[in-house]
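A quick write-up on the structure given underneath.
There are 2 protein chains.
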Amino acid sequence: MAKRTVAQVLAEATGHLSADAITGAVQERQPDVSPSTIYRILEEFEELGIIVHAHLGQGAAVFHLAGAVHGHLTCEICKRTFEIPSTYFDDLSRDLLESYGFELDRHHVALSGTCARCRALESAPSG
Amino acid sequence: MAKRTVAQVLAEATGHLSADAITGAVQERQPDVSPSTIYRILEEFEELGIIVHAHLGQGAAVFHLAGAVHGHLTCEICKRTFEIPSTYFDDLSRDLLESYGFELDRHHVALSGTCARCRALESAPSG
DNA sequence: ATAAGTGCAAATCGTTTGCGTAGGC
DNA sequence: GCCTACGCAAACGATTTGCACTTAT
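Chains as they are written, first to last, in the working numbering: chain A, 21 to 147; chain B, 21 to 147.
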């Protein structure tokens, strides 16, 4: 049962795993698990509320156990991503709820922008 | 020159247009313009700073003339999107800059969450 | 025998790329 | 002749789906 192995991989993971990374980790223990099976299991786990996924950039979604929800920043230039405490969203979240009745999901999509390093490189051309 | 027609379509558009919608609108005036040409032109316009694109959900990106930058909300349930004034991001933007040196891009990706209507439907099941 | 779990290949969607060609200079 | 602007078809990456098979119960 691949389901159990997927659960173990997710439980042991420290950070965010793409479906592809999960497939790789599972295949180290069960070589013949196919990507479609992984996607099906992830979908089921998500419906059960065990895991969540987030979109950090243009690429593949990442998955991790539900629980401590945090925000994400993605640099549009270097594509690195950063985790931020979800408290940064407290005020915005309240404002959006008051103005639009919109309930913000703090972790599902990363905020886009330019990281400190890339901002420095932009202002100092040949560095 | 398809470039001129694309520019007209973008200038006349009120809201956000997907590449596919732009292709359709252009083809009403020049039937044989191919999608790849549209993408190439959009890429050039974006490099020139004439237009910007945003990701509003899981689907296709949307394009519009650069200028008044606003934020976007996308409902994860009904997939509708809403524009919000970029001032909503002022505080968060300042905080991220102070804490991480991260410069927020307010329009590039939509904030994800649940809209008022879908929240109401969730709490009132058979409505 | 029935339902659930799965592998594989093909399909999908948005977007990009390679290649060859037509026109402007 | 060379460069730009294309059209077309194929490639692409992430994900989904159809279908046949195997396994538990």
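Beta carbons: idealized from backbone N, C-alpha and C, even for Gly.
- The C-alpha of Val26 (chain A) is placed about 10 Å away from the C-alpha of Thr57 (chain A).
- Residues of chain B whose Cβ lies closer than 9 Å to the Cβ of Cys135 (chain A) are, in chain order, Tyr120, Gly121, Phe122 and Glu123.
- The stretch 96-147 of chain B contains, as complete alpha helix (DSSP H) runs of 4+ residues, the segments 110-120 and 136-143 (chain order).
- The three-state reading of DSSP puts Ala45 (chain A) in helix, counting H, G and I together.
- In the DSSP assignment, the residues bridged to Ile71 (chain A) are A:Leu85.
- In the structure shown, the three-state DSSP call for Thr25 (chain A) is helix.
- Against Val72 (chain B), chain A offers no close residue; the least beta-carbon distance is about 12 Å (beta-carbon pairs closer than 9 Å).
- A Cβ-Cβ contact shorter than 9 Å links His73 (chain B) with Val82 (chain B).
- For Thr57 (chain B), no pairing in a beta bridge is given by DSSP.
- Residue burial is scored here from C-beta neighbours: Cys98 (chain A) has fewer than 16 other C-beta atoms within 10 angstroms and is therefore classed as exposed.
- With its beta carbon at least 9 Å from every one in chain B, His90 (chain A) lies outside the interface.
- Rounded to whole angstroms, the gap between the alpha carbons of Thr43 (chain A) and Leu62 (chain A) is 11 Å.
- The C-alpha of Arg126 (chain A) is placed about 15 Å away from the C-alpha of His84 (chain A).
- Arg60 (chain B) and Ser143 (chain B) have their alpha carbons spaced roughly 46 Å apart.
- In the three-state DSSP reduction, Leu76 (chain B) falls in the coil class, being neither helix nor strand.
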